[in-house]
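In terms of my numbering, the sequence shown opens at residue 5 and continues consecutively.
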Amino acid sequence: MISCRLPKTVSNTENAARTRHKKAAILRLFHPGAIKPVLLESGSKTAKQLETLHFNQSAIHSTEVKLATDLKRLQSDQATLKVEDSACSICPAGWLLNSGNCYYFSTEHKYWSYAKQACKDQGATLIIIDNPQKQEFVTKNANGKQYWIGLHDVSNEGTFIWVDDSSVSYSNWDRGEPNNFGSGEDCVMMLKDGKWNDAPCVMNEVGWICEKKWTC
Ligand SMILES: [Ca+2]
Ligand SMILES: [Ca+2]
Numbered sequence: 005m006i007s008c009r010l011p012k013t014v015s016n017t018e019n020a021a022r023t024r025h026k027k028a029a030i031l032r033l034f035h036p037g038a039i040k041p042v043l044l045e046s047g048s049k050t051a052k053q054l055e056t057l058h059f060n061q062s063a064i065h066s067t068e069v070k071l072a073t074d075l076k077r078l079q080s081d082q083a084t085l086k087v088e089d090s091a092c093s094i095c096p097a098g099w100l101l102n103s104g105n106c107y108y109f110s111t112e113h114k115y116w117s118y119a120k121q122a123c124k125d126q127g128a129t130l131i132i133i134d135n136p137q138k139q140e141f142v143t144k145n146a147n148g149k150q151y152w153i154g155l156h157d158v159s160n161e162g163t164f165i166w167v168d169d170s171s172v173s174y175s176n177w178d179r180g181e182p183n184n185f186g187s188g189e190d191c192v193m194m195l196k197d198g199k200w201n202d203a204p205c206v207m208n209e210v211g212w213i214c215e216k217k218w219t220c
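Structure below.
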């Protein structure tokens, strides 16, 4: 006996059942009970993002405040530097500026070692005249007086050195000088016309010239 299998057909009853099932699934999905957790999770994420944004905003604000403070400090520093810079062209009261150095021509008159110490006390040294331009400057400002300069041969007779122990590369000796006259002359003074003369270090009644670099 031959059996004949007919293609399976979906009955109306099955179709209706499937439709009901789909509807039920959709209703479950959009049921307040199902939507609430989704919304809660979404709200939680948004709150977290807002919190992060707020934190970042606070950090930016703090940075802005710090930058504003830094800017004020820099502007203040700049103003101070400007004041100091303008002071760079002015030597202390009573000193003369020449080629980046300040010079003091004493009104007192003392012996050489006193003069040396007096300059040291002012953060300076007895002048070292190591070029003709500096010589011209001090000659012009000598006002017809004699001044001790930072040259001597105290350590080694006949070998003159400057107070910073440098040797002599430029000189402006008067005629016949240095002559180590009499009982000895180991300290050098600048005569009224700017020429140099070795003289007794203990000789009083001589002024002195101090020199110091003016730095900013
Ligand atoms: Ca001498
Ligand atoms: Ca002499």
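The beta-carbon is built from N, C-alpha and C at its ideal position, and this holds for glycine as well.
Need the endpoints of the alpha helix (DSSP H) that A203 sits in, please.
Element bounds for A203: not the alpha helix (DSSP H) but the beta strand (DSSP E), W200 to A203.
Can you give me the Cβ contacts of V192 inside the same chain, cut-off strictly under 6 Å, excluding the 5 residues immediately before and after it?
I153, L155, W200 and D202
Under a three-way DSSP split, which group does V55 fall into?
Correcting the residue type first, residue 55 is Glu in the shown sequence and not Val. In the structure shown, E55 sits in a helix (DSSP, three-state: H, G or I).
If you measure from the CB of E209, is any heavy atom of ligand 1 nearer than 7 Å?
no
CA-CA distance, K144 and E68?
59 Å
Would N102 and F164 be called neighbours here (beta carbons separated by less than 8 Å)?
no
Assign N16 to one of three DSSP states: helix, strand, or coil.
helix
Please confirm whether any heavy atom of ligand 1 lies closer than 7 Å to the CB of G148.
No.
Helix or strand or just coil, what does DSSP make of V129?
Inspection of the sequence shows that residue 129 is occupied by Thr rather than by Val. T129 falls in the strand class under three-state DSSP.
To the nearest angstrom, how far is it from the Cα of K217 to the Cα of N105?
4 Å
Please look up how many angstroms separate the CB atoms of Y115 and N208, rounded, as I've assumed it's under 8 Å.
6 Å
Need the endpoints of the beta strand (DSSP E) that V192 sits in, please.
C191 to M194
Measure the CB-CB distance between S110 and G198 and report whether it falls below 8 Å.
no
Could you give the uninterrupted runs of the alpha helix (DSSP H) lying entirely in the region 96-176, keeping only those of 4 residues or more?
116-125 and 136-144
Spatial neighbours of L195 within its chain, please: CB distance less than 7 Å, with the 5 preceding and 5 following residues excluded, ordered by chain position.
Q150, D178 and N201
Just to confirm the assignment, what range does the beta strand (DSSP E) spanning W218 have?
Here W218 belongs to no beta strand (DSSP E), and DSSP marks it neither H nor E.
Quick one: residues in its chain with C-beta nearer than 7 Å to the C-beta of Q139, no 5 flanking neighbours on either side, listed in chain order?
I133, N176 and G198
Name the residue from A146, W166 and L57 whose alpha carbon lies nearest to the alpha carbon of I131.
Comparing Cα-Cα distances from I131 to each of A146, W166 and L57, the minimum goes to W166.
Whose C-beta lies closer than 7 Å to the C-beta of K120 among residues of the same chain, with five residues either side of it excluded?
L130 and V167
Output needed for G98: all residues of its chain with C-beta closer than 7 Å, excluding positions within five of it in sequence on either side, in chain order.
Excluding positions up to five away in sequence, the list reads Y108.
Tell me the rounded alpha-carbon separation between V158 and D74.
56 Å
Per DSSP, which one or two residues make a beta bridge with I213?
F109
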